[in-house]
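Peer 1: Top to bottom, those sequences are chains A and F. Our numbering puts the first residue of the first sequence at 31, with every later residue one more than the last. Our numbering puts the first residue of the second sequence at 3, with every later residue one more than the last.
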Amino acid sequence: MNNDIPLNWFLYFAAASFAIGLVGVMLRRNAIAVLMAIEIILNAANVNLVAFWRYGTPAPGSGPLPGVILAILVITVAAAEVAVGIGLILLCYRRWRVADVDRYDTMSG
Amino acid sequence: MASILFLVIAAIGLATALGTVLSRNLVRAGLYLVAFFFAIACLFVLLEAEFLAAIQVLVYIGAVAILLMFGIMLTRDTLGDDTTAIPVGWMIPGLFGGLCVFTVLAVGINNSIAPSGWTPWSGTTSRPSIIKQESDPEPAWVAERREAVNDMGRVIGVELMTRYVVAFELAGLLLTAALVGAIALAHRADSAPKPPRSVEQAAGSGPGADPPSEAGEPVASSLSP
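1. Could you tell me whether the Cβ atoms of A:L41 and F:I111 are closer together than 9 Å?
2. Between F:A169 and chain A, is there a C-beta pair that is closer than 9 Å?
3. Would you identify the three-state DSSP class for F:S223, choosing helix, strand or coil?
4. Can you tell me which of the three DSSP states F:N27 falls into?
5. Going by CA-CA distance only, name the one from A:Y85, A:A101 and A:A113 that's closest to F:A179.
6. What does the alpha-carbon distance come out to for the pair F:L16 and F:V151?
7. Just checking, does the region 17-25 of chain F make contact with the region 54-67 of chain A on the three C-beta pairs under 8 Å criterion?
8. Out of F:K134, F:L177 and F:P139, state which residue places its alpha-carbon closest to the alpha-carbon of F:R148.
9. Just how far apart, CA to CA, sit F:L45 and F:I11?
10. Taking the C-alpha atoms as reference points, what is the distance between A:T136 and F:Y34?
11. Taking the C-alpha atoms as reference points, what is the distance between A:P90 and A:F82?
12. Just to confirm, is the Cβ distance from F:V103 to F:M71 under 9 Å?
13. Distance, Cα to Cα, F:E146 vs A:G97?
14. On the criterion of 16 or more Cβ atoms from any shown chain inside 10 Å, does A:D130 qualify as buried, or is it exposed?
15. Looking at A:I70 and A:F48, is the spacing between their C-beta atoms short of 9 Å?
16. Under DSSP, the alpha helix (DSSP H) around A:M137 begins and ends at which residues?
17. Taking the Cβ atom as the reference point for each residue, do F:L176 and A:A110 lie within a distance shorter than 9 Å?
18. Mark F:I68 as exposed unless 16 or more other C-beta atoms lie within 10 angstroms of its C-beta, in which case mark it buried.
19. Looking at F:F98: is its Cβ nearer than 9 Å to the Cβ of F:L48?
20. Identify the contact partners of F:L70 in chain A, using a Cβ-Cβ distance below 9 Å as the criterion.
21. I'd like the list of long-range same chain contacts for F:I132, defined as Cβ closer than 7 Å, with 5 residues on each side in sequence excluded.
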């Protein structure tokens, strides 16, 4: 096909999303907002996985769907991470009455 | 046509990602995040992974975004709303750092560096077709992948049960551990025993009502060390 989307475009989109998510992790002070930025980063990684699966030549013996399976596992890990993260944030909120990651400084010297 | 579609979806995705990161209102940031997830699902459709797009909508928009909304709802800041604002002094270094990361990644993408013996992957513009061409012969993996793309739900199930069964079991173990961990974290550790609902009920219920409370106590105490 001639007028296909280049693989580059997906990679540039994923890199830009990753950078935006990283900026969010660095800048935001609310713990929930940090979790949202982490979700953006994981989604950017998923786009990369699926794009390389669709465009690339698979390694011998890797089956028909290696990238998609890995993306599904990443989604699973992200769901588990959000569940535990929300539990941790609620616990910290109950203890310090604030959702600001700068105030969680009990272990700072 | 597909290129224009991709550009529109990518623009929406990047704009909503920026909105998620920079929005001051947390609920608005959550809604931007839902739009970003949907743009990612659209990209999966463009990459011919429709099953993954459905999973994305179900898991991310249906579960993760709602969970984040509940988190926002339950952690209203009582000391003022200043935690959601980004300090102006941090904005410039943060955006500069993000731009630097993107520049490094873009140089890596653009450079078309490949190991010897491999074709450079960076300029790839054509993907193996998912429509069978009768004319030209194709390698075996193209036919295998075409069947997988056209019947993705079944092939993913078969692959998860055969080739990736260890990873599948590990994911199940991880989900179970996350469930137990989330419950253990969110469980309110009350050391004081609960008072009975009313004195008459506790006194007049007799021995018939005692065993449930007796059975309930050791579980609660063992969960709260």
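Think of the CB as a built atom: it goes at the ideal place given N, C-alpha and C, for glycine as much as any other residue. Small disclaimer: the values here were computed from a predicted structure and weren't measured.
Peer 2: Here's the rundown:
1. Mapped onto the first sequence, residue 41 of chain A falls at position 11. Mapped onto the second sequence, residue 111 of chain F falls at position 109. Contact flag set, yes.
2. Counting from 1 along the second sequence, the entry for residue 169 of chain F is found at position 167. At least one chain A Cβ lies under 9 Å of F:A169.
3. Taking the second sequence and counting its residues from 1, the one referred to as residue 223 of chain F is at position 221. Low local confidence applies: a pLDDT of 43 at F:S223 is under 50, so the model's placement there is unreliable, and no value is given.
4. Counting from one through the second sequence, the residue named residue 27 of chain F turns up at place 25. Three-state result, F:N27: coil.
5. On the second sequence, residue 179 of chain F is found 177 positions in, with the first residue counted as 1. F:A179 has its Cα closest to that of A:A113, out of A:Y85, A:A101 and A:A113.
6. For this step, residue 16 of chain F is matched to residue 14 along the second sequence. For this step, residue 151 of chain F is matched to residue 149 along the second sequence. Distance between the alpha carbons of F:L16 and F:V151 is about 27 Å.
7. yes
8. Stepping through the second sequence from its first residue, residue 148 of chain F is reached at position 146. Closest by alpha carbon: F:K134.
9. As a working note, residue 45 of chain F is residue 43 in the second sequence. As a working note, residue 11 of chain F is residue 9 in the second sequence. In a straight line, the C-alpha of F:L45 is about 7 Å away from that of F:I11.
10. Residue numbering aside, residue 136 of chain A sits at position 106 when the first sequence is read from its first letter. Residue numbering aside, residue 34 of chain F sits at position 32 when the second sequence is read from its first letter. Cα-Cα distance, rounded: 33 Å.
11. Within the first sequence, residue 90 of chain A is the residue found at index 60, counting from 1. Within the first sequence, residue 82 of chain A is the residue found at index 52, counting from 1. Distance between the alpha carbons of A:P90 and A:F82 is about 15 Å.
12. Position 101 of the second sequence, counted from the start, is the residue given in the question as residue 103 of chain F. Position 69 of the second sequence, counted from the start, is the residue given in the question as residue 71 of chain F. It is not a contact, given that the beta carbons lie outside the stated cut-off.
13. Within the second sequence, numbered from 1, the residue matching residue 146 of chain F stands at position 144. Within the first sequence, numbered from 1, the residue matching residue 97 of chain A stands at position 67. In a straight line, the C-alpha of F:E146 is about 14 Å away from that of A:G97.
14. As a first step, residue 130 of chain A is located in the first sequence; it is residue number 100 there, counting from the start. That one is buried.
15. Locating residue 48 of chain A in the first sequence gives position 18, counting from the first residue. Locating residue 70 of chain A in the first sequence gives position 40, counting from the first residue. Result yes, Cβ atoms of A:F48 and A:I70 sit closer than 9 Å.
16. Within the first sequence, residue 137 of chain A is the residue found at index 107, counting from 1. Counting along the chain, A:M137 falls outside any alpha helix (DSSP H), and DSSP gives it neither H nor E.
17. For the purposes of this step, residue 176 of chain F is identified with residue 174 of the second sequence, where counting begins at 1. For the purposes of this step, residue 110 of chain A is identified with residue 80 of the first sequence, where counting begins at 1. Cβ distance < 9 Å, so F:L176 and A:A110 count as in contact.
18. One-based indexing of the second sequence puts residue 68 of chain F at position 66. Its Cβ having fewer than 16 others within 10 Å, F:I68 is exposed.
19. As a first step, residue 98 of chain F is located in the second sequence; it is residue number 96 there, counting from the start. As a first step, residue 48 of chain F is located in the second sequence; it is residue number 46 there, counting from the start. Going by C-beta atoms, F:F98 is not nearer than 9 Å to F:L48.
20. Residue mapping note: residue 70 of chain F aligns to position 68 of the second sequence, counting from 1. Within 9 Å Cβ-Cβ: I62, L65, M66, E69, V112 and I116.
21. The sequence position of residue 132 of chain F within the second sequence is 130, counting from 1. E50, R148, V151 and N152.
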